[in-house]
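So the structure is just underneath, and the comments pick up after that.
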Amino acid sequence: MIIADRKPLEEILEMVHDCGSILLVGCKGCVTVCNVGGLKEVEILAATLRIARKKEGRPLEVAQRVLERQCDPEYLEPLRNDYDQFDAVVSMACGVGPQFLSEAYPSQRFYPAVNTRFMGGAVQHGVWEERCAGCGACKIHLFDGLCPIARCSKSLLHGPCGGSAGGKCEVSAEIECIWDKIVRKKMENGRLADLRVFRPAKDWRTSRDGGPRRSIREELVK
Amino acid sequence: MSANGLKAGSNLEKVLRAGHFAFTGECGPPKGANVEHLKEKYEHLRGVVDAVNVTDNQTAVVRLSSLASSALMAADGIEPNFQMVCRDRNRLAMMSDILGAYALGIRNMLCLSGDHQHFGNHPQAKNVYDIDSMQLIALVKQIRDEGKFPNGDEVDVPPRLFIGAASNPFGDPTEFRIYRLANKIDAGADFIQTQCIYNMERFRAFMHQAVDMGLAEKCAILAGVTPMKSARMAKYMAKFVPGMDVPEALIQRLEGAGKGQQGEEGIRFAIEQIQEFKQMPGVAGVHLMAIEWEHRVPEIAQRAGMLPRPEV
Chain A
1 MIIADRKPLE EILEMVHDCG SILLVGCKGC VTVCNVGGLK EVEILAATLR
51 IARKKEGRPL EVAQRVLERQ CDPEYLEPLR NDYDQFDAVV SMACGVGPQF
101 LSEAYPSQRF YPAVNTRFMG GAVQHGVWEE RCAGCGACKI HLFDGLCPIA
151 RCSKSLLHGP CGGSAGGKCE VSAEIECIWD KIVRKKMENG RLADLRVFRP
201 AKDWRTSRDG GPRRSIREEL VK
Chain B
223 MSANGLKAGS NLEKVLRAGH FAFTGECGPP KGANVEHLKE KYEHLRGVVD
273 AVNVTDNQTA VVRLSSLASS ALMAADGIEP NFQMVCRDRN RLAMMSDILG
323 AYALGIRNML CLSGDHQHFG NHPQAKNVYD IDSMQLIALV KQIRDEGKFP
373 NGDEVDVPPR LFIGAASNPF GDPTEFRIYR LANKIDAGAD FIQTQCIYNM
423 ERFRAFMHQA VDMGLAEKCA ILAGVTPMKS ARMAKYMAKF VPGMDVPEAL
473 IQRLEGAGKG QQGEEGIRFA IEQIQEFKQM PGVAGVHLMA IEWEHRVPEI
523 AQRAGMLPRP EV
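Protein chains in written order, with my numbering: chain A, 1 to 222; chain B, 223 to 534.
Right, here's the structure in full:
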């Protein structure tokens, strides 16, 4: 899923500085699962914003709503009747949300309340890690189920660089060297030969380098 | 390959081809366009080494470009070994600079992944890593030997470059390092310069493997030496430079030398290393990386018996 982090309160307050009323819109998709933009987080942020602005002596009226998803136009319909009744709309969805909202309701201003970080999953309660870089040409099977494009700091395709030490990446002791893991797994399982294969330069056209991407499923297009 | 059997015809290639024990040095370009400073540094190496590595924004700190510095050096009669990292250029810029390097008289090139920009003075930068060091080696080889770009187009005058690569025998996972070296040789490396060696025992074992696997026959392996300036430097490298193995015994030896004598002790250790490398099976030469100590290189070369350099 898409993992996001809440923006610092100060940044959100700055965004809505000149607003007297806002609509805070959560999403029941990924951001609910990663505990950043679902019903609970919408309620917390709404209350926090009200209190902060009350303290400043400039009360902020905060209405709240949680949509089924913000990445699908049909689910944006519930806002049609009152989206323009507020000075701004703040989305707690990933970066897709405020954009779909802006496209659906061009006359309103939409602000992001979260920073969209990466595609990943929970490795323990409260900790999420990146697993996919969305390069558009999956080769995970070549690396025993561990993606070096997303998980090596240099996206290397031929093993660990000289900075790999003790299973950690040269960038930080907080980052595991995924090549250390791939190599150990291959060697332990007698697949050293896989690591002797030369892999040609990657074709990045399927990634963001080919320009903004689009996926068309002909059988679904009416 | 040309009629004389040389791939690039660089001095380094000729020295190795003639069977001499090679000796390369290193020069880090200045943090600015100070050509005089660059000259002052490389002048210490004139006639003392067979080629001088010119680092490419090493440790991700912005410096005078390795291409420009290498070209200035070549024009001034000192043979550069132009370093190129995958961090800062995509394949278009790389190929263009490879051609440019040859056009400017550069005949050796070292293909590296590059330190992550996180270490440097512009950690906010976006990195490139369009291709990795293995693919860079293969790219230079293809352009040189096939005279073709990866898209199949003809190269109008292929650049004849002697292709170098790096190897860190001390990086993890250790047991894979020899295979990574083998892969670089298979990809097209003509010579290898290793990471700074301090743990001689581990390096001996590494070279033993390299010889057993026939790697030293296929490719010239130059052992990396960086003289320690002090026990403090040794401790810093042991603790903070990832993939570096500095044995405690060496730190103690430097400390034991006492104040004011640690640099000399570091040089003595480096000279002992060079003497051993001369005898070590599979080692074709030494790459001396005297970091910000270029002026001490002539003395080290003299004392290690590396002078005069062969005229080939």
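In this text, a Cβ means the ideal position worked out from N, Cα and C, and glycines have one as well. Because the structure is a prediction, the values reported are computed rather than measured.
query	result
So, do the segment 228-244 of chain B and the segment 513-527 of chain B have three or more beta carbon pairs nearer to each other than 8 Å?	no
Leaving out the 5 sequence neighbours to the left and right, which residues in its chain are closer than 7 Å to residue 8/A when beta-carbon positions are compared?	none
List the DSSP bridge partners of residue 415/B.	388/B, 444/B
Mind checking who residue 124/A pairs with in its DSSP beta bridge?	127/A
Tell me which residues of the segment 374-393 of chain B have at least one Cβ-Cβ distance to chain A shorter than 7 Å, keeping chain order.	388, 390, 393
In chain order, what residues of the same chain lie with their CB nearer than 7 Å to the CB of residue 100/A, ignoring the 5 residues before and after it?	70, 71, 73, 76
Between the segment 101-109 of chain A and the segment 126-144 of chain A, are three or more C-beta pairs nearer than 8 Å?	no
If you follow the alpha helix (DSSP H) that residue 458/B is in, where does it begin and where does it stop?	453-462
For the beta strand (DSSP E) containing residue 304/B, list its first residue and its last residue.	302-307
If we ignore side chains and look at the alpha-carbon of each, how far apart do residue 84/A and residue 5/A end up?	27 Å
Figure out for me which residue from 273/B, 297/B, 272/B, 259/B has the closest Cα to the Cα of residue 285/B.	259/B
List the residues that DSSP assigns as beta-bridge partners of residue 5/A.	115/A
For a quick check, are the C-beta atoms of residue 24/A and residue 46/A less than 8 Å apart?	yes
Counting Cβ pairs closer than 8 Å, one from the segment 337-349 of chain B and one from the segment 294-304 of chain B, do we hit at least three?	no
When you compare the CB positions of residue 391/B and residue 416/B, do they come within less than 8 Å of one another, or not?	yes
May I ask you to list the residues that DSSP assigns as paired with residue 481/B?	Answer by DSSP bridge pairing: none, since residue 481/B is not bridged.
Quick one: residues in its chain with C-beta nearer than 8 Å to the C-beta of residue 489/B, no 5 flanking neighbours on either side, listed in chain order?	449, 518, 521, 522, 525
Have a look at residue 312/B and residue 179/A and give me their C-alpha separation to the nearest angstrom.	22 Å
Show which residues of chain A have a CB atom less than 8 Å away from the CB atom of residue 419/B.	Simply none; closest approach about 13 Å.
Can you tell me which of 254/B, 496/B, 435/B puts its alpha carbon nearest to the alpha carbon of residue 509/B?	496/B
On the three-state DSSP scale, how would you describe residue 355/B?	helix
Specify, as a first and last residue, the run of the alpha helix (DSSP H) that residue 522/B falls within.	519-525
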